Each structure stands twice: as C-alpha cells, then as structure tokens.
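> Below are the structure tokens for one structure; questions will follow.
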Amino acid sequence: AQTVTQSQPEMSVQEAETVTLSCTYDTSESNYYLFWYKQPPSRQMILVIRQEAYKQQNATENRFSVNFQKAAKSFSLKISDSQLGDTAMYFCAFMKHGYGDYKLSFGAGTTVTVRA
Amino acid sequence: EAGVVQSPRYKIIEKKQPVAFWCNPISGHNTLYWYLQNLGQGPELLIRYENEEAVDDSQLPKDRFSAERLKGVDSTLKIQPAELGDSAVYLCASSLDGGDTQYFGPGTRLTVL
Chain A
78 AQTVTQSQPE
88 MSVQEAETVT
98 LSCTYDTSES
108 NYYLFWYKQP
118 PSRQMILVIR
128 QEAYKQQNAT
138 ENRFSVNFQK
148 AAKSFSLKIS
158 DSQLGDTAMY
168 FCAFMKHGYG
178 DYKLSFGAGT
188 TVTVRA
Chain B
50 EAGVVQSPRY
60 KIIEKKQPVA
70 FWCNPISGHN
80 TLYWYLQNLG
90 QGPELLIRYE
100 NEEAVDDSQL
110 PKDRFSAERL
120 KGVDSTLKIQ
130 PAELGDSAVY
140 LCASSLDGGD
150 TQYFGPGTRL
160 TVL
C-alpha cells in the first residue's frame, strides 16, 4: 500500500509571497503519477498540477510548480506570487500507473492561508 | 463543458434512516469513483466503476452501503441504515478512463443525528 505524508498541517503566507508545501510518499512502484489538488472552503477538489514519475522535468502550471525528487520520494509544491484565492486546503496524492489499482491515495492535507 | 454534478449538496438525517447520493460524471468519462472524506482528512476511495461494472469495491462497507451505475453514466450511492459515524463528505469523481486524471464534484455533506 502507498502512504502519502504531508508534514505541515497549516501554512500562512503574505499575499504576493512564495510558499512551499512538502509531501513525501512511500511506494515500491517505479511507474506512477503524483498530484496536487486544492480544496477551497466550497469543497470542490480542483486539480492544481500533475507529475508523471518517468518524467525528470518538474511540472509547472502558471504560479504553481513542483520539485519532484524521485530517489528521495519527495514531491513539494511551490506557490509563487500568492493570491487571496489560493487560500485552501492542499492535498498531495499518489496513483499507480498500469492496469488495476487506479485509486488516488491522499495525504492528510495542508491548510494554506494567504494574508492580505 | 459541465463538470461533475452531485446532489444534494447537504443532507441531514436521523440515524437508522436511509440516504442516497447522486452523481453525474463529465460527459464521455467512462470511469467513476466515490470517495469518503472525513473532516480534516484526505478522501478515501469507496468504489470505482469502469462503465457499469464495479471493478474495485474492496473499501465499501457492504453491510450498509450500496452503489449502482446502471447505464454506465449516472451513479447512486446509498446508505441504509445510516450511523452517526457516517457523517462526512461524499465525493464523486470521474476520469476519461482508469489511470487518467480524476475530476471531482462539489461533494455531499452528510450529517447523521
């Protein structure tokens, strides 16, 4: 079974500043996907970014970027130029690649608060 | 393009009562998931459908939970009878196929009194 650990329950950042969320995972698989999802108070789980394990290049989506360290099993999310709308709970998630087990395994989440 | 639709958004019931949740996935998505999210935690998979077939229901408490996706589109998740510990958010997600990115609905918040 895969486990995903987010060691920071809460983070606070000033508007326009940068914040980095940590995520580590434990797996014996070599081929998998990693995700960051954002869940604002409205509860809608929104995909932020996706990383394929076979790709060495770190994924980026506008102000969001990841630092994927496969050997260390680490997958951190950097939010640059933080905006008030970034306030939400952020979940790191893991999914095996290949036929069969396509469930997402989530971490416990990190609550991010952006201060004006 | 419409996203994943769920109803109701909120439901309050007395314990031992039945309750049902409905999900309409993104058009064309073959795979549908039901997740349970307890307060302050990440979602956990209850059941996964490939078209109308339940291909992973290992985490579904089958003594009281049931689900169906009769025509391979909409899905219903039912609890009968509900217990106090079932209070949680029930999330539906869909993907084009298994292994593709999952897109989530807004969830149903269930409160069992």
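As given, the protein sequences belong to chains A and B, one line each in that order. Everything in the first sequence is counted per the working numbering, starting at 78 for the first residue and increasing by one. Everything in the second sequence is counted per the working numbering, starting at 50 for the first residue and increasing by one. Cβ coordinates follow ideal geometry from the N, Cα and C atoms, glycine included. On a predicted model such as this, the values are computed, not experimentally measured, just so you know.
1) Beta strand (DSSP E) containing B:R158: first to last residue?
2) From B:K64, B:V53, B:P110, pick the residue whose C-alpha is nearest to that of B:Y82; which is it?
3) Would A:V180 count as contacting chain B if we go by Cβ distances under 8 Å?
4) Within 10 angstroms of the Cβ of A:L161, are there 16 or more other Cβ atoms? Answer buried if so, exposed if not.
5) Between the C-alpha atoms of B:E132 and A:Y102, what's the straight-line distance to the nearest angstrom?
6) Relative to the C-alpha of A:S182, which residue among B:Q90, B:T160, B:P74 is closest?
7) By alpha-carbon positions, which one of B:Q55, B:K60, B:P92 ends up nearest to B:L162?
8) Compute the distance between the beta-carbons of A:Y114 and A:V96, then report whether it is under 8 Å.
9) With a threshold of 8 Å between beta-carbons, can A:Q128 be considered close to chain B, or not?
10) How about A:N144 and A:A130: do their beta carbons lie closer than 8 Å?
11) Indicate whether at least one CB of chain A lies closer than 8 Å to the CB of B:G156.
12) For B:D105, tell me which candidate among B:C72, B:Y84, B:V138 has the shortest Cα-Cα distance.
13) In the structure shown, what three-state DSSP assignment does A:D163 receive?
14) CA-CA distance, B:C141 and A:S159?
15) On the three-state DSSP scale, how would you describe A:D103?
16) Compute the Euclidean distance between the alpha carbons of B:D135 and B:L159, then round it to the nearest angstrom.
In short:
1) Looking at the DSSP string, the run of the beta strand (DSSP E) that includes B:R158 is 157-161.
2) Ranked by how close their Cα comes to the Cα of B:Y82, the residues B:K64, B:V53, B:P110 have B:V53 in first place.
3) It should be noted that the sequence gives Lys, not Val, for residue 180 of chain A. Output row for A:K180: interface = yes.
4) With fewer than 16 neighbouring CB atoms inside 10 Å of its own CB, A:L161 falls in the exposed class.
5) Answer to the nearest angstrom: the Cα atoms are 33 Å apart.
6) Comparing Cα positions, the closest option is B:Q90.
7) If we check each option's Cα against that of B:L162, B:K60 comes out closest.
8) No Cβ-Cβ contact shorter than 8 Å links A:Y114 with A:V96.
9) At least 8 Å separates the CB of A:Q128 from every CB of chain B.
10) No, these two residues do not count as a Cβ contact at 8 Å.
11) Output row for B:G156: interface = yes.
12) Comparing alpha carbon positions, the residue from B:C72, B:Y84, B:V138 closest to B:D105 is B:Y84.
13) Per DSSP, reduced to three states, the secondary structure at A:D163 is helical.
14) Going by the C-alpha atoms only, they are around 29 Å apart.
15) Three-state result, A:D103: strand.
16) If I take the Cα positions, the gap works out to 7 Å.
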